[in-house]
Amino acid sequence: DAKTTQPNSMESNEEEPVHLPCNHSTISGTDYIHWYRQLPSQGPEYVIHGLTSNVNNRMASLAIAEDRKSSTLILHRATLRDAAVYYCILRGFGNEKLTFGTGTRLTIIP
Amino acid sequence: KAGVTQTPRYLIKTRGQQVTLSCSPISGHRSVSWYQQTPGQGLQFLFEYFSETQRNKGNFPGRFSGRQFSNSRSEMNVSTLELGDSALYLCASTPRGRTFTDTQYFGPGTRLTVL
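Protein chains in written order, with our numbering: chain A, 458 to 567; chain B, 438 to 552.
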């Protein structure tokens, strides 16, 4: 399975933007980049996904490097409810299942 | 639309016993996946069922098994429980078949404690 590398933890102030990085240097051409997050005491929830172009939805934005070897999840204005573990996952041919790494634990400072 | 439901939410068993966990996917979803989450190993994929057939399997011993019914509901079974099986077991459903863009919708999990 293609691997992703994320920082173990990050902190951000409330109401400020947050940039969560993910490295995936072995990504293949068919791999989609997915982000999920897990809030305390809950199951993971989908955040966003993309292939090559940057993507936006109501929760976040996903910026994908031109060579696709890295990506950044952007929370435009962090709230306390965004405190969670964020997982960056690759899915593609032969790798359809979700393979979770250790993720990034995001702490929001009031 | 109701979300993914899992029963029971909490369970306490003793070593050597067996346990069955249940998952009801979102209505219309045909694929159900199971995951184990522990503090030490994180979230690990157990298996996936689609149209009553196991389609993917993770690296777990044969004590872990599952099945899916015609209504897409799924059960997983763990036999001869060990202390290390204490974990949060998560179920997730997806709408369609084999695709890289399907969103997985997770249930709240079943917290299993083995004494």
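Every residue, glycine too, gets a C-beta built ideally from N, C-alpha and C.
Kindly list the residues whose CB is nearer than 6 Å to the CB of residue i, restricted to its own chain and excluding five residues on each side of it in sequence; keep chain order.
i: B/Y447; result: R548
i: B/L552; result: T451
i: B/R533; result: D539
i: A/L508; result: Y489
i: B/M541; result: In the sequence as presented, Met is not what sits at residue 541 of chain B; that position holds Gln. Once the five neighbours on either side are set aside, the close Cβ partners of B/Q541 are A529, T531.
Kindly indicate if chain A contains any beta-carbon less than 8 Å away from that of residue i.
i: B/Q541; result: yes
i: B/S502; result: no
i: B/T538; result: yes
i: B/E512; result: no
i: B/N493; result: yes
i: B/L518; result: no
i: B/E489; result: no
i: B/P532; result: no
i: B/G479; result: yes
i: B/S459; result: no
So, helix, strand or coil for residue i, using DSSP?
i: B/G521; result: helix
i: A/R537; result: A small correction: the amino acid at residue 537 of chain A is Leu; Arg does not occupy that position in the sequence shown. Three-state DSSP puts A/L537 in a helix.
i: B/I463; result: coil
i: A/A522; result: coil
i: A/E473; result: coil
i: B/F484; result: strand
i: A/Q495; result: strand
i: A/N513; result: strand
i: B/Q443; result: strand
i: B/N508; result: coil
i: B/T540; result: coil
According to DSSP, residue i sits in a beta bridge with which residue or residues?
i: A/E468; result: A/T564
i: A/H481; result: Answer is none; A/H481 lacks a bridge partner.
i: B/E489; result: For B/E489, which the question treats as bridged, DSSP gives no partner whatsoever.
i: B/G503; result: B/M513
Quick one: residues in its chain with C-beta nearer than 7 Å to the C-beta of residue i, no 5 flanking neighbours on either side, listed in chain order?
i: A/I484; result: A459, R525, K526, L547
i: B/Q505; result: V469, Y486, E489, S511
i: B/A524; result: Q473, Q474, T475, L549
Grab me the residues of residue i's own chain with a C-beta within less than 8 Å of its C-beta, minus the 5 sequence neighbours each way, in chain order.
i: B/G503; result: W471, L483, F484, Y486, Q491, S511, E512, M513, N514
i: A/I566; result: E468, S469, N470, E471
i: A/S466; result: T561, R562, L563, T564
i: A/T461; result: C479, N480, H481, C545, I546, L547, G558
Does any C-beta atom of chain B lie closer than 8 Å to the C-beta of residue i?
i: A/R548; result: yes
i: A/L477; result: no
i: A/L519; result: no
* To do: Residues of the segment 498-513 of chain A with a CB closer than 9 Å to any CB of chain D: list them in chain order, please.
  => In the structure shown, chain D cannot be found, because the protein chains are A and B.
* Cβ contact (3+ pairs, closer than 8 Å) linking the segment 489-498 of chain A and the segment 458-468 of chain B -> The segment 489-498 of chain A vs the segment 458-468 of chain B: no contact.
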